[in-house]
Amino acid sequence: MAFDFQHCIRCTVCVANCPVFKVDPAFPGPKQSGPDAERFRSDDEPSIDRWIRLCSQCKRCEVACPYGVNPAEIILREQTRYGERHFRPFAQRLFAHTYWVGIVSSLFAPVVNLLTPRTFVKKVLSLFGLSIAIPFPLYYFHTMDRSWRWKGSRNSRKKAVFFYGCFINYNRPDIGRGVRDLLASLGVRVVIPRQVCCGLPALGNGDLETARKFARKNARILAGYIDKGFDVIYTCTSCGLSLTRDYPGILDIADGKKVAENSYNLHEYILKLMDEEYIRPVFDPLRRRVAYHIPCHLRALGIGYPAARLFEKIPGLEVHILEDNCCGLAGSYGFKKRNEHTSTTLGADAARAIKAVDPDILVTDCGACKMQLGYFSGISACDPSEILKESLKVTDPGI
Amino acid sequence: MNATYDVVIIGGGISGMMAAITLVGCGKKVAVVSKGDPVCCFSTGCVDVLADGENPLKGIGSLPEHHPYHLVGDKGIAEALGLFRGIMSAEGIPYVGDVHANRRVLTSLGRSKVTCLVPETMDFSDIDPHESLHILSFHKMKDFYPQYITSRYAKAAYSTFDAGVTTTVGIAERFEDSDFLDTFTTWMRGLAIQEERIAVPAVLGRGSSGAVYHRIGGECGRTVFEIPTLPPSMPGLRLFGGLKNAFLRRKGDLYWGRGIYSVEKLGNQIEAVTLTGPGRSTRVEGKAFILATGSFVSGGLQASRDAVMETVFNLPSYLPPGTRDAWFQDDFFAVGHEIEKAGIRVDASFRPLGTEIENLYVCGSILAFSEVMKYRCGHGMAIATGVAAAKACMGAYSGI
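Below you can see the structure in the form of structure tokens.
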């Protein structure tokens, strides 16, 4: 693993795929900051590359690399090493703990939602290094962890725990409850256990220890359910990538492998149930033109585009797959002032591609993509599960 | 996850994508499995068919008897190239040229390269040494030195524009911004260029290269062309992007970025390939499979001291006779090398020889005797054999 960089033949295909490199000249690109620089790094020497933080961890380089080098992971290791030795600015510390931000903000949701759009508040946050280019997301008091925690018959042959992730929990719990009801309507017993942040925000902000703490806790909970015959379902593609890849990988969690092998993307899971002939859903027609923006981390998961395969089964739905653009926000990356230019340029780019399709609706799996592209395209973004719910006539959740 | 397809294509390069598009065009359910971006991304984007002679299709008759082109025939090649042009036009990256005539393209080293079909942005690239040429270069641009060209062309001059960025990818990205394009054209008009033609390194945008190219041509009232650069090469990336998006638009499924395959066989049939990764593996089931993993550089073939291995199915591969010493050439720059003949031998319907597997087809540069460097037939052969293998597969599996 650690010697992956030696397989690099310097073909630069990763560079051509790097969204940050395209718009920020300060970032030397995945080849130089990954495999090239890695030759000169040693655990005995301090990390000194300031620009290492400019990588947004979109993983496009890894998808592109035909030689099995993982530039983003090499960079990620260095980012955490850099984080250990150097002062981490306020914004980075804040976003490493989006989980706690979420807990507090959702508790005082009405106040927080009232304050964040205010010019004065924005100016203060801006002083602390936060970008105010796009609006902050709204918080909800009625989060997933305050919602009904199970659904579906106890006797179902299929049992699943839903790993909802912070964005759904605090900012779009309606999607989360929709997923719960969708799965239950497909005959799956859904349980929503206690869970914490997947750890990705902490990892991406150079805080390996916090990420490990979160991951250990989740892995313990999820592994317990897996032992009882449950599958793990995620909808957030970044949480998914973290569960399947970082838990057994860079975070090196005891039950990481078990969690990774038993975690499914929601749509992948529905396809699996259909393949096994556990369900035979009847999709009602929806006459719409859909722009489906593929999140970078869905590409990186290597599972194809399962939601698109389900969309094909909905009569009348015209789907345009857009996979060439990163939305630029990359979780908390774009909310940092330093990255504002990168994030907004890429966001406007991706929105242009969406508008060129002239869609009725914009669909994307990832929370950050939804925020960013909804803002830049002016078309409100919805989750693939919402389309499925509508086509399958799953009623709105009460609680 | 289990996914069942009519045809599963392994390798997302030109050949694999052309096979995939041909098959989805006929209503088949197709998946492309690719472990990364293909080598065509590093290419000039030009489609070489056969570099010797004026008419590439005529030259095919004189190729050695085992060359894969003979399996397609000149009619088939012309048809496949026509299909390719149709696909690329629809994606907004039209190709110009005549399949019966080779043409020359100016390279960033100031030399010409012989090719056949070129992106429209290189349409006027066939320049005579006595013609006057003005190169619009960029300040401190990496790996592009207009002096290479001006030193060879008596009537060539150049100017440099400060784009604020110095890399191919960075400059191309800036051309996607209409304000930047305005600034650039204003600067260009200010130069009051007298030369007959204007050349720009191939950085005129990513997806919207056509619009940028026509805008610049319109503004200066002269013929403009792009000069292909060293990798990252925008025309190569546009070529791949065009084929990939054409495939997705036709409802093909794409599985990205997983390199380790395991193969399931039942009797003489391949049933599925499994893409393993860090988490749970993804199993892709198919009724037929097409192998388009390319040759050594793409990892389709791997060489050891005394053998050449095919990396996915471990198919028997052809190795030129004689020891390595016998292949040795004194001239480093000599055209052609014995190792180029290595690869998979196939029958008339692109099925690999020497194996009991029945539902497998092979296309692209992994084919034995293709000698892509020697005959300079890379993209042309990839397109022709990709389409032909897809048709052969469809012929045998009309029921699927």
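Chains as they are written, first to last, in the working numbering: chain A, 700 to 1098; chain B, 96 to 495. Ideal Cβ placement from N, Cα and C applies to all residues, glycine included. Quick caveat, the model's predicted, so the values are computed rather than measured.
The alpha helix (DSSP H) spanning residue i covers which residue range?
i: residue 404 (chain B); result: Careful: residue 404 (chain B) lies outside any alpha helix (DSSP H), inside the beta strand (DSSP E) at 403-405.
i: residue 830 (chain A); result: Where residue 830 (chain A) is concerned, there is no enclosing alpha helix (DSSP H), given that its DSSP letter is neither H nor E.
i: residue 917 (chain A); result: 907-926
i: residue 167 (chain B); result: 164-185
i: residue 884 (chain A); result: 872-884
i: residue 1088 (chain A); result: 1083-1090
i: residue 351 (chain B); result: Where residue 351 (chain B) is concerned, there is no enclosing alpha helix (DSSP H), although the beta strand (DSSP E) it sits in stretches over 348-351.
i: residue 996 (chain A); result: 995-1000
i: residue 720 (chain A); result: 718-722
Thinking residue i and residue j are a contact (beta carbons under 8 Å), I'd like their distance in whole angstroms, please.
i: residue 913 (chain A); j: residue 901 (chain A); result: 6 Å
i: residue 722 (chain A); j: residue 314 (chain B); result: That belief does not hold up - the Cβ atoms of residue 722 (chain A) and residue 314 (chain B) are roughly 25 Å apart, past 8 Å.
i: residue 930 (chain A); j: residue 968 (chain A); result: 7 Å
i: residue 1010 (chain A); j: residue 1091 (chain A); result: Wrong, their Cβ atoms sit about 12 Å apart, outside the cutoff.
i: residue 1087 (chain A); j: residue 881 (chain A); result: 6 Å
i: residue 745 (chain A); j: residue 709 (chain A); result: That belief does not hold up - the Cβ atoms of residue 745 (chain A) and residue 709 (chain A) are roughly 26 Å apart, past 8 Å.
i: residue 308 (chain B); j: residue 216 (chain B); result: 5 Å
i: residue 195 (chain B); j: residue 228 (chain B); result: So it is not a contact: roughly 28 Å between Cβ atoms.
i: residue 271 (chain B); j: residue 301 (chain B); result: 6 Å
i: residue 712 (chain A); j: residue 763 (chain A); result: 5 Å
If I measure Cβ to Cβ from residue i and keep anything under 6 Å in the same chain, skipping five residues before and after, which residues do I get?
i: residue 400 (chain B); result: none
i: residue 316 (chain B); result: none
i: residue 477 (chain B); result: 109, 110, 459
i: residue 490 (chain B); result: none
i: residue 874 (chain A); result: 867, 1082
i: residue 96 (chain B); result: Unreliable positioning characterises residue 96 (chain B) in this predicted model, as indicated by a pLDDT of 49, which lies under 50. A coordinate reading is not provided.
i: residue 1089 (chain A); result: none
i: residue 236 (chain B); result: 261
i: residue 700 (chain A); result: Reliability fails at residue 700 (chain A), whose pLDDT of 44 lies under 50, so the model's placement of it is uncertain and no value is given.
i: residue 911 (chain A); result: 950
i: residue 336 (chain B); result: none
Under 8 Å between the Cβ atoms of residue i and residue j?
i: residue 719 (chain A); j: residue 753 (chain A); result: yes
i: residue 410 (chain B); j: residue 450 (chain B); result: yes
i: residue 1015 (chain A); j: residue 986 (chain A); result: yes
i: residue 133 (chain B); j: residue 107 (chain B); result: yes
i: residue 942 (chain A); j: residue 896 (chain A); result: no
i: residue 306 (chain B); j: residue 185 (chain B); result: no
i: residue 777 (chain A); j: residue 740 (chain A); result: yes
i: residue 1017 (chain A); j: residue 988 (chain A); result: yes
i: residue 293 (chain B); j: residue 231 (chain B); result: yes
i: residue 319 (chain B); j: residue 350 (chain B); result: no
i: residue 128 (chain B); j: residue 103 (chain B); result: yes
i: residue 456 (chain B); j: residue 383 (chain B); result: yes
i: residue 328 (chain B); j: residue 287 (chain B); result: no
i: residue 706 (chain A); j: residue 781 (chain A); result: no
i: residue 965 (chain A); j: residue 925 (chain A); result: no
i: residue 846 (chain A); j: residue 876 (chain A); result: yes
i: residue 878 (chain A); j: residue 842 (chain A); result: no
i: residue 883 (chain A); j: residue 918 (chain A); result: no
Starting from residue i and walking both ways along the beta strand (DSSP E), at which residues does that stretch end?
i: residue 377 (chain B); result: 377-386
i: residue 989 (chain A); result: 987-992
I'd like to confirm something about residue i: is its beta-carbon nearer than 7 Å to some heavy atom of the ligand MG, or not?
i: residue 374 (chain B); result: Because no ligand of any kind appears in the structure shown, any question about the ligand MG cannot be addressed here.
Among the residues of its own chain, which have a CB less than 7 Å from the CB of residue i, if the five just before and after it don't count?
i: residue 437 (chain B); result: 396, 403, 412, 413, 414, 415, 463
i: residue 920 (chain A); result: 892, 893, 894
i: residue 792 (chain A); result: none
i: residue 1012 (chain A); result: 982
For residue i, which residues from the same chain have a beta carbon less than 8 Å from its beta carbon, with the 5 sequence-adjacent residues on both sides left out?
i: residue 406 (chain B); result: 388, 394, 395, 396, 397
i: residue 1053 (chain A); result: 990, 992, 1021, 1061, 1072, 1076, 1078
i: residue 213 (chain B); result: 140, 141, 142, 190, 191, 192, 198, 200, 220
i: residue 364 (chain B); result: 452, 453, 454
i: residue 467 (chain B); result: 390, 435, 460, 473, 476
Sufficient close CB pairs (3 or more, under 8 Å) joining the stretch 168-175 of chain B to the stretch 477-495 of chain B: Judged by Cβ distances under 8 Å, the stretch 168-175 of chain B makes contact with the stretch 477-495 of chain B, as three or more pairs qualify.
At least 3 beta-carbon pairs within less than 8 Å: the stretch 833-848 of chain A vs the stretch 803-818 of chain A: With a cut-off of 8 Å, the stretch 803-818 of chain A and the stretch 833-848 of chain A count as touching, because enough Cβ pairs lie within range.
Cβ contact (3+ pairs, closer than 8 Å) linking the stretch 248-263 of chain B and the stretch 158-169 of chain B: Per the Cβ contact rule, the stretch 248-263 of chain B is not in contact with the stretch 158-169 of chain B (fewer than 3 Cβ pairs under 8 Å).
Segment contact flag, the stretch 385-395 of chain B with the stretch 1038-1048 of chain A, C-beta cutoff 8 Å, min 3 pairs: At 8 Å Cβ cutoff, the stretches do not touch.
Cβ contact check for the stretch 923-940 of chain A and the stretch 994-1002 of chain A: 3 or more pairs under 8 Å: Proximity of the stretch 923-940 of chain A to the stretch 994-1002 of chain A meets the contact definition, three or more beta-carbon pairs being nearer than 8 Å.
Segment contact, 8 Å Cβ cut-off, at least three pairs: the stretch 189-200 of chain B with the stretch 117-124 of chain B: Short answer: they don't touch.
Touching by the beta-carbon criterion (3+ pairs, under 8 Å), the stretch 852-870 of chain A and the stretch 758-765 of chain A: Under the Cβ criterion (8 Å, minimum of three pairs), the stretch 852-870 of chain A does not count as touching the stretch 758-765 of chain A.
The stretch 240-249 of chain B / the stretch 270-282 of chain B touching (three or more Cβ pairs under 8 Å): Counting Cβ pairs under 8 Å, fewer than three are found: no touch.
Touch test, the stretch 223-230 of chain B against the stretch 202-215 of chain B, Cβ-Cβ under 8 Å, three pairs minimum: Flag = no, the stretch 223-230 of chain B and the stretch 202-215 of chain B do not touch.
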